[in-house]
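*Asks:* Have a look at this one.
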Amino acid sequence: GNQTAMRGITALNLTLKCASDYRSIQVLKRQQDESSLSSMNEILEQIESIEVQMAKRIAETCSSMGALYIKLGQSIAAAPTLIPEHASVHLRKLRDRCPPSQWESLMEILCEELDGKSKVNELFEWINPVPIGCASIAQVHEAILRENGDQVVIKIQHERVAQQLKYDAANIRALFRFSKWMVDQFPALRSAVPKRKSSDEQDVQQQQNDEEDEEENALWWQLFDRVIEDVLSDIRDELDFVKESENAQKMRAHLVNENWISRIQVPRIVQDASTRKVITMEKVNGKQMDYYGKEGSFSGKLCVEKHEKIVKELRYLLCELNALMLLNLGWIHGDLHGGNVLAIVDEETCRVQIALLDHATYYALSEDATRALREVMSVKSVVNVMKERYFGREEKSIGVEQDGTTAGAIRMLMNSGIEKEERKKNARRVLKGHVGREDGSGKEECSVWQLWRAMGTSSALHRELGGTREERFAVYAESAWKLQLHDWLASSLMRFVPGFR
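For the sequence shown, my numbering gives the first residue as 62, with consecutive numbering after it.
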């Protein structure tokens, strides 16, 4: 009722302020194009200041509005190229700003889900009423199982979060349609500076600039629409803890099969104490992975040299995990930020492990999309990246036509052997024509933007630990080369050795 309307007004107010900030940025960018070198730095500082101010305003509003808005802010921060790094860092802090629910209301949900208070007392010897973590969908409490004394954590869904999400989703969709209508009806909202009378040659250039602006505006609208729908889809999955439990068990089985379970842990699920709104799992002792990227994390017995070694090992392990999911399993964790990954560190020996805590969102890739990732992350791709970064030149490569599949989009967007302007055009073509929900066989798979957001989130964590793009690509290339070699050997043996499988 009134509360839903007030939330809608708050979101509208935020949108109008962001629109004003965006227009100011566009005006400054046009001034930058026409300014001298001496004033360019001053303009860049003004642009950065407005972008940071806008990001802080979005973060504060999303934090006060709760679940869906928090997720939307996090997704905007994770989406590559959507906002600059100095602004996205403020939105990534949203995961630390979720307000906790009252323990009494959560206890009611726990008793309702586990068939009464007597059943809760039968399962748990002790539950800590003070949460050790709080996210947009649920919060986490420590507990001890009565049967065997094992330490566990209980993740309990916030009260009425599902109903609130339904209303917020309707508000956000209506706000998006209203914003787009306003921009379409009033061109001044998207035009940074008024048009001036000029020569024929300048008129042609002005027309070309206007067309590029129109194309860029259309690109942003499509991208924001994609982000909103993906967030709504993801958050529906996150509300179902039964699916999260299944995902955790599936990921654990993958790690066991690939002999990775000694390096990457997935906590065991306590099935008798897990439902659609409650999930109980074994407790893993460690620190949030991004802790080791913060200043002062090497205090105590952890000297600077050991700290650097540990952080390097954590970065490499994170990249190896991403390579395993992207290039081998074709099944990708959708929210691999520092709060969802624990670092288990032996500070004496510098031996590291990581534990994956949240398994609500995973994205599936078709075999063709996984194969496309192996191709573009080959050693040749890394060589091109290094040449572009350090020597300012690239190797040419064969153009790829967009075919509407995620695999086709991957080949277009990640092809490092083409010119920068051509990559921009490819991105626009992918946005305009990419369906990204199924491959040629009709198999359901993630969209290219869900894939990009997932990679953007894990890349942000890698950067927080001091990692670079070249370092990530080097690990991906090594894994891709090994997998391609394995595939080639297997196909050769199948060809020449009768009965080999």
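Yeah, the Cβ is synthetic: ideal placement off N, Cα and C, and Gly gets one too. The model shown is predicted, which means the values in this text are computed figures rather than measured ones.
Is the separation between the beta-carbon of GLU343 and that of VAL222 shorter than 8 Å?
*Replies:* No.
*Asks:* Pull up the distance between the alpha-carbon of VAL540 and that of ASN389, whole angstroms please.
*Replies:* It should be pointed out that residue 540 corresponds to Ser in this sequence rather than to Val. Roughly 9 Å between the two C-alpha positions.
*Asks:* Taking Cβ to Cβ, would you say GLU525 is nearer than 8 Å to GLY354?
*Replies:* Yes, the Cβ-Cβ distance between GLU525 and GLY354 is below 8 Å.
*Asks:* Determine the direct distance from the alpha carbon of ILE108 to that of VAL191, and round the result to whole angstroms.
*Replies:* Each residue's alpha carbon lies about 42 Å from the other.
*Asks:* Three or more C-beta pairs closer than 8 Å, one from the stretch 282 to 300 and one from the stretch 231 to 244: is that the case here?
*Replies:* Touching, yes, given that three or more Cβ pairs across the two stretches are closer than 8 Å.
*Asks:* DSSP has ARG412 in a bridge; who is on the other side?
*Replies:* Beta-bridge pairing links ARG412 to ASP407.
*Asks:* Compute the Euclidean distance between the alpha carbons of LYS448 and LEU73, then round it to the nearest angstrom.
*Replies:* Reliability fails at LYS448, whose pLDDT of 47 lies under 50, so the model's placement of it is uncertain and no value is given.
*Asks:* Give the single residue among ALA80, ILE104, SER81 and CYS79 whose Cα lies nearest to the Cα of ARG91.
*Replies:* Looking at the Cα atoms, ILE104 is the closest of the given residues.
*Asks:* Note down the Cα distance separating GLN326 from ILE415, rounded to an integer number of angstroms.
*Replies:* In a straight line, the C-alpha of GLN326 is about 6 Å away from that of ILE415.
*Asks:* Under three-state DSSP, which class holds GLN349?
*Replies:* Correct three-state label for GLN349: strand.
*Asks:* Distance check for GLN310 and LEU417, CA to CA, integer angstroms please.
*Replies:* Roughly 12 Å separates the two Cα atoms.
*Asks:* I believe ASP507 touches ALA425 by the beta-carbon criterion, under 8 Å. Please report the beta-carbon distance rounded to the nearest angstrom.
*Replies:* The displayed chain sequence assigns Cys, not Asp, to residue 507. Right, their Cβ atoms sit about 6 Å apart.
*Asks:* Which stretch, first to last residue, makes up the alpha helix (DSSP H) that contains THR518?
*Replies:* Taken as a continuous stretch (DSSP letters only), the alpha helix (DSSP H) holding THR518 covers 509 to 525.
*Asks:* Decide if GLU208 is buried, meaning its Cβ has at least 16 other Cβ atoms within 10 Å, or exposed.
*Replies:* With fewer than 16 other Cβ atoms within 10 Å, it is exposed.
*Asks:* Whose C-beta lies closer than 6 Å to the C-beta of LEU300 among residues of the same chain, with five residues either side of it excluded?
*Replies:* Within the same chain, LEU300 has close Cβ partners ALA223.
*Asks:* I'd like the span of the beta strand (DSSP E) that includes TRP392, first residue to last.
*Replies:* Counting along the chain, the beta strand (DSSP E) containing TRP392 begins and ends at 392 to 394.
*Asks:* By how many angstroms is the C-alpha of GLN545 removed from the C-alpha of CYS123?
*Replies:* Cα to Cα, the separation comes out at about 44 Å.
*Asks:* Would you check if the distance between the CB atom of ILE340 and the CB atom of LYS227 is smaller than 8 Å?
*Replies:* Cβ distance not < 8 Å, so ILE340 and LYS227 don't count as in contact.
*Asks:* Starting from THR341 and walking both ways along the alpha helix (DSSP H), at which residues does that stretch end?
*Replies:* No alpha helix (DSSP H) holds THR341; the beta strand (DSSP E) holding it covers 339 to 343.
*Asks:* Restricting to runs no shorter than 3 residues, where is the beta strand (DSSP E) found entirely within the stretch 156 to 230?
*Replies:* Segments of the beta strand (DSSP E) lying fully in the stretch 156 to 230: 185 to 188, 199 to 206 and 212 to 218.
*Asks:* Where in the stretch 310 to 335 do unbroken runs of the alpha helix (DSSP H), each at least 4 residues long, occur, reported from the N-terminal end onward?
*Replies:* Fully enclosed alpha helix (DSSP H) runs of 4 or longer: not present.
*Asks:* In this structure, does DSSP put LEU418 in helix, strand or coil?
*Replies:* LEU418 falls in the coil class under three-state DSSP.
*Asks:* Going by beta-carbon coordinates alone, are SER166 and GLU112 separated by less than 8 Å?
*Replies:* No. Outside cutoff.
*Asks:* Assuming contact is defined by CB atoms lying nearer than 8 Å, are GLN218 and GLY127 in contact in what I supplied?
*Replies:* No, they are not a contact pair.
*Asks:* Alpha carbon to alpha carbon, how far is ILE205 from ARG337?
*Replies:* When rounded, the distance between both Cα atoms is 21 Å.
*Asks:* Between which residues of its own chain and PHE537 is the CB-CB distance below 6 Å, once the five residues before and five after are set aside?
*Replies:* What sits at residue 537 in the sequence shown is Tyr, not Phe. Closer than 6 Å at Cβ, skipping near neighbours: ALA384 and MET438.
*Asks:* In chain order, what residues of the same chain lie with their CB nearer than 8 Å to the CB of GLN349, ignoring the 5 residues before and after it?
*Replies:* Counting only Cβ-Cβ distances below 8 Å, and skipping sequence neighbours, we find GLY399, GLY400, VAL402, LEU403 and ALA404.
*Asks:* Give me, in chain order, the residues of the same chain whose beta-carbon lies closer than 7 Å to that of THR71; leave out the 5 immediate sequence neighbours on both sides.
*Replies:* Closer than 7 Å at the Cβ level, and outside the excluded window around THR71, lie THR122 and MET126.
*Asks:* Compute the Euclidean distance between the alpha carbons of LYS512 and VAL288, then round it to the nearest angstrom.
*Replies:* Strictly speaking, residue 512 in this sequence is Leu, with Lys absent from that position. Straight-line Cα distance between these residues: approximately 12 Å.
*Asks:* Does ARG432 come within less than 8 Å of chain B when only Cβ atoms are used?
*Replies:* Considering every chain present, this structure includes no chain B. It has just one protein chain.
*Asks:* Going by Cα to Cα distance, which pick from PHE302, LEU184 and HIS368 is closest to GLU408?
*Replies:* Per the Cα distances, HIS368.
*Asks:* Going by DSSP, name the residue or residues bridged to ALA425.
*Replies:* ALA425 is bridged to TRP392.
*Asks:* Return the residue from the list LEU522, ARG435 and ASN63 that minimises the CA-CA distance to HIS547.
*Replies:* It is ARG435 whose Cα lies nearest to the Cα of HIS547.
*Asks:* Where PRO160 and GLU203 are concerned, what is the direct C-alpha to C-alpha distance, given to the nearest angstrom?
*Replies:* So the alpha carbons of these two residues sit roughly 18 Å apart.
*Asks:* Where TYR423 and LEU133 are concerned, what is the direct C-alpha to C-alpha distance, given to the nearest angstrom?
*Replies:* Rounded to the nearest angstrom, the two C-alpha atoms are 17 Å apart.
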